[in-house]
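Please read the structure below before turning to the comments.
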Amino acid sequence: MLEIRNLHATVEGREILNGIDLIIRPGETHAIMGPNGSGKSTLANVIAGREGYVVTEGDIFFDGKNLLEMDPETRACEGLFLAFQYPVEIPGVANLYFLKAAVNAVRKYRGEPSVDAMDFWDLIHERMELVKMDESMLKRSVNEGFSGGEKKRNEVFQMAVLQPRFAVMDETDSGLDIDALRVVADGVNALRSPERGFLVITHYQRLLDYIVPDYVHVLVNGRIARSGGKELAVELEQQGYALYNEEPGRARRAA
Amino acid sequence: MTAIAPLFSDPYYQAFAAFMTERREPDAIARLRRAAFARFETLGWPTRRQEAWRFTDLAALQALALQRPSNALIDAITLPALETTTHRRVFVNGYFAPSLSPMQPLPDRAIVSNFSQALLSHSDRISSVLDSLPGLQSHPFAALNTAFWEDGAFVYVPQGTVIKEPIHLVFYTTGGDMAVYPRLLLALEDGAQATVVVEYQGQGRSLNAPLAELQLGSSAVLHYHQVQEESLQAFHLGGIRVHQSRASQAHLHLFSSGGQLGRTDLEVLLDGEHAGCLLNGLTLGQENQTGDCHLRVEHTQPHGTSEQVFKSVLDGAARAVFDGMIHVRPHAQKTDARQTSRNLLLSRQAKAHSNPRLEILADDVKCGHGSSTGFLDPDAEFYLRARGIPVIQARALLVHAFANDSLNRIILAPLRERLARLLAVWLGLDSIEGN
Ligand SMILES: Nc1ncnc2c1ncn2[C@@H]1O[C@H](COP(=O)(O)OP(=O)(O)OP(=O)(O)O)[C@@H](O)[C@H]1O
Ligand SMILES: [Mg+2]
Chain U
1 MLEIRNLHAT VEGREILNGI DLIIRPGETH AIMGPNGSGK STLANVIAGR
51 EGYVVTEGDI FFDGKNLLEM DPETRACEGL FLAFQYPVEI PGVANLYFLK
101 AAVNAVRKYR GEPSVDAMDF WDLIHERMEL VKMDESMLKR SVNEGFSGGE
151 KKRNEVFQMA VLQPRFAVMD ETDSGLDIDA LRVVADGVNA LRSPERGFLV
201 ITHYQRLLDY IVPDYVHVLV NGRIARSGGK ELAVELEQQG YALYNEEPGR
251 ARRAA
Chain S
1001 MTAIAPLFSD PYYQAFAAFM TERREPDAIA RLRRAAFARF ETLGWPTRRQ
1051 EAWRFTDLAA LQALALQRPS NALIDAITLP ALETTTHRRV FVNGYFAPSL
1101 SPMQPLPDRA IVSNFSQALL SHSDRISSVL DSLPGLQSHP FAALNTAFWE
1151 DGAFVYVPQG TVIKEPIHLV FYTTGGDMAV YPRLLLALED GAQATVVVEY
1201 QGQGRSLNAP LAELQLGSSA VLHYHQVQEE SLQAFHLGGI RVHQSRASQA
1251 HLHLFSSGGQ LGRTDLEVLL DGEHAGCLLN GLTLGQENQT GDCHLRVEHT
1301 QPHGTSEQVF KSVLDGAARA VFDGMIHVRP HAQKTDARQT SRNLLLSRQA
1351 KAHSNPRLEI LADDVKCGHG SSTGFLDPDA EFYLRARGIP VIQARALLVH
1401 AFANDSLNRI ILAPLRERLA RLLAVWLGLD SIEGN
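Chains U and S supply the protein sequences, listed in that same order. Position 99 of the first sequence, counting from 1, maps to 99 under the working numbering, and the rest follow consecutively. To convert, count from 1 in the second sequence and add 1000; that's the working numbering.
Structure representation (structure tokens):
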């Protein structure tokens, strides 16, 4: 469902992604691990269509459609979701209002009428329980004054409400205590289905105990240095990235 | 004597002479007019070399051949309404329009009237206060207003009396290059309370130079709202003088989205211990509009509080000017005075000038000011878009979030809701709900 071919991207004129190839089929969950600054978030932002991330070569197809030709909102309406590594605080915009605007935007794109108030309320409550979010967060401004963990939980909550077909989770586990981690994982697992795909960016094998991936990729210097099954995560946890870093920009295969 | 010679060629001089021959009014009023006109002649038309007018370009206004206003019939439907019972007085081109001003029962001895009427029965009450409040002494348009007003609104609330329903004063101009000088005099005696909504609306091109004088007795409470929604060709140069006695509270809300040039000069004198005021402003500008606020808050007595919160949202090549002075006299210890001015620019051509000024002559005070000007947060915009919200709606949401806390300070719900709708329309949204 997501097909990335020979993707090169620059940020402020600096090449960050140096030819990424990645195919994710419906129902699959892929994990990406890699050292700080290796380009994981850059990949996530390129997929989501953030300004300032310039694709210099390569393509991304989403269900056969050229993703790079779509603006960010169209990508979202097509069913793409990015859980931000650093969710943005938006003072003055209430969470609930924001969610409703998002749900209705997607419905409008699909030619459906605005969501019925009662249906929306039911959906919200059901999803709130899933991620164990407090109702008071609905009235508060988007992410404003939220703790790190609450922000991450809010990302999963939004995902659970919007029910995208493909989600990129950028370090959604970072900064979470073990209970919150389980909640986030439950939120993701509840959405997993044969039609949905996930790309989970993480530094910790721990998360992958809860969200068991079909594939693990190691991203180093803007390239996928190695791919494998979930056991690769365990190996990385033990050995670190030293093996991949000897030649910057030209990662070597670990034995 | 040679210095006086040029005055005779001044069109204002001719106009004033003609105007005065027609007036039938108490001598005390006529004396005020002459004194004010003399003051105008001394002050002259403002130039951009004067600090207070540095950012206010009057050239386009000066080029007009302004006409004396004439009364006009207008349809009640074109007038703004509040969805509640109000004491409504409508003025068209400065003239009272009785047919558009239905009477409602008022508390005993309270007056909500027009000047020409009130002068017949309460001449002393008016002439003893009119033009006697301090402030705006060097404002030429305030002087012109006193010289040339045709009619105006007079509100008097006796001691301890509360008028619950909003007093809704609508000043409508019909264009035609008329120079209109609406007047408002409001006196709250000790412990009196009132809520006032003043609306400036109209069509076409004209000069509207209103002057409002608000006097608050001890422990009086005033909620005053000014909505300036004139046409985009109009010139609006208004003045407000406020005098507050001990422990009085003034909440002044200034909303403006109209006028090619819209300026309000506001001076508040906190002239009793524990007096407090809130000055809350929101200016929306687009195309070539200039929205301009000049404030002066003067603390003369101890334990006063003042808060100025002024915001602008500027699109196109619009400009906002904010000049806010907090002056704390030596005797005014324990003053708590705050000022913020925040401008949100929606285009690269828009410009905001902020000039916060503090003059603090007392040593035991809390005073602070802050000012900021910036564009929309691109990260927030992307966050909303990444959830499927179209870029136009995303930007509108962010602007609304910025402006909305100005509206949320308005307690009067029907007005707050109307302004929220106006903001949504201004932003090109169908509606904003749920926030
Ligand atoms: N907006 C930006 N402006 C400037 N440089 C950027 C920007 N975004 C990313 N970079 C640079 O690109 C490189 C890759 O950053 P990226 O955020 O993709 O790394 P990452 O793999 O997600 O790291 P981490 O594990 O720390 O989240 C870094 O050197 C970073 O400084
Ligand atoms: Mg990252």
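Ideal placement from N, C-alpha and C gives every residue a C-beta, glycine not left out.
Report the three-state DSSP secondary structure of residue i (helix, strand or coil).
{"i": "G13/U", "result": "coil"}
{"i": "M1325/S", "result": "strand"}
{"i": "E51/U", "result": "coil"}
{"i": "I1392/S", "result": "helix"}
{"i": "L1007/S", "result": "A caution first: L1007/S carries a pLDDT of 41, below 50, which makes its placement in the model unreliable, though a value can still be read off. Helix, per DSSP."}
{"i": "F1255/S", "result": "strand"}
{"i": "A255/U", "result": "For A255/U, the predicted structure reports a pLDDT of 36, less than 50, and the residue's modelled location is therefore unreliable. The matter cannot be settled from this model."}
{"i": "K1334/S", "result": "coil"}
{"i": "L1100/S", "result": "helix"}
{"i": "V200/U", "result": "strand"}
{"i": "K132/U", "result": "coil"}
Please indicate yes or no: does the CB of residue i lie closer than 8 Å to some heavy atom of ligand 2?
{"i": "I211/U", "result": "no"}
{"i": "I47/U", "result": "no"}
{"i": "I201/U", "result": "yes"}
Report the CB separation of residue i from residue j in whole angstroms; it is logged as a contact under 8 Å.
{"i": "R1089/S", "j": "E73/U", "result": "Not quite, the Cβ-Cβ distance comes to about 48 Å (not below 8 Å), so this is no contact."}
{"i": "S1256/S", "j": "T1283/S", "result": "5 Å"}
{"i": "P1182/S", "j": "P1210/S", "result": "4 Å"}
{"i": "A233/U", "j": "A105/U", "result": "In fact, because the Cβ distance is near 36 Å, the residues do not count as touching under 8 Å."}
{"i": "L1358/S", "j": "L1376/S", "result": "Actually they do not touch by this definition, with Cβ atoms about 30 Å apart."}
{"i": "N143/U", "j": "E89/U", "result": "4 Å"}
Taking the C-alpha atoms as reference points, what is the distance between residue i and residue j?
{"i": "N1408/S", "j": "A1065/S", "result": "41 Å"}
{"i": "H1168/S", "j": "L1188/S", "result": "16 Å"}
{"i": "G1044/S", "j": "A1030/S", "result": "21 Å"}
{"i": "G228/U", "j": "G175/U", "result": "26 Å"}
{"i": "S41/U", "j": "T172/U", "result": "12 Å"}
{"i": "A1147/S", "j": "F1235/S", "result": "19 Å"}
{"i": "P1046/S", "j": "W1053/S", "result": "7 Å"}
{"i": "V220/U", "j": "I1389/S", "result": "33 Å"}
{"i": "S141/U", "j": "D1405/S", "result": "12 Å"}
{"i": "C77/U", "j": "F166/U", "result": "11 Å"}
{"i": "T1290/S", "j": "T1264/S", "result": "11 Å"}
{"i": "I224/U", "j": "L208/U", "result": "19 Å"}
{"i": "I16/U", "j": "T56/U", "result": "11 Å"}
{"i": "F1008/S", "j": "F1040/S", "result": "Confidence in F1008/S is poor, its pLDDT being 43 and thus under 50, which makes the residue's placement unreliable; the coordinate value appears in the next sentence. Going by the C-alpha atoms only, they are around 14 Å apart."}
{"i": "A1153/S", "j": "R50/U", "result": "56 Å"}
{"i": "N1208/S", "j": "C1277/S", "result": "26 Å"}
{"i": "D21/U", "j": "F1382/S", "result": "26 Å"}
{"i": "R1449/S", "j": "T1056/S", "result": "Outside the shown range of chain S (1001 to 1435) lies residue 1449/S, about which nothing can therefore be said."}
{"i": "H125/U", "j": "Q1226/S", "result": "42 Å"}
{"i": "I1077/S", "j": "L123/U", "result": "43 Å"}
{"i": "R1125/S", "j": "P1026/S", "result": "12 Å"}
{"i": "Y1314/S", "j": "Y53/U", "result": "The residue asked about is misnamed: residue 1314/S is Leu in this sequence, not Tyr. Cα to Cα, L1314/S sits roughly 29 Å from Y53/U."}
{"i": "F198/U", "j": "R226/U", "result": "19 Å"}
{"i": "L1419/S", "j": "G1285/S", "result": "15 Å"}
{"i": "G1238/S", "j": "A160/U", "result": "53 Å"}
{"i": "S193/U", "j": "G27/U", "result": "6 Å"}
{"i": "V1413/S", "j": "A1192/S", "result": "Sequence inspection shows Ala at residue 1413/S; the Val mentioned does not correspond to that position. Using only the alpha carbons, I get a separation of about 21 Å."}
{"i": "M1178/S", "j": "G1204/S", "result": "10 Å"}
What residue does the alpha helix (DSSP H) around residue i start on, and which one ends it?
{"i": "G187/U", "result": "I178 to L191"}
{"i": "N154/U", "result": "G148 to L162"}
{"i": "R1421/S", "result": "A1413 to W1426"}
{"i": "N1145/S", "result": "P1140 to F1148"}
{"i": "Y210/U", "result": "Q205 to Y210"}
Which residues mark the beginning and the end of the beta strand (DSSP E) in which residue i is found?
{"i": "V1309/S", "result": "T1305 to L1314"}
{"i": "A1352/S", "result": "K1351 to I1360"}
{"i": "F166/U", "result": "F166 to D170"}
{"i": "R1088/S", "result": "H1087 to V1092"}
{"i": "L1284/S", "result": "G1276 to G1285"}
{"i": "S1113/S", "result": "I1111 to N1114"}
{"i": "V1157/S", "result": "G1152 to V1157"}
Less than 8 Å between the CB of residue i and some heavy atom of ligand 1, yes or no?
{"i": "G19/U", "result": "no"}
{"i": "E171/U", "result": "yes"}
{"i": "P72/U", "result": "no"}
{"i": "V103/U", "result": "no"}
{"i": "R226/U", "result": "no"}
{"i": "K40/U", "result": "yes"}
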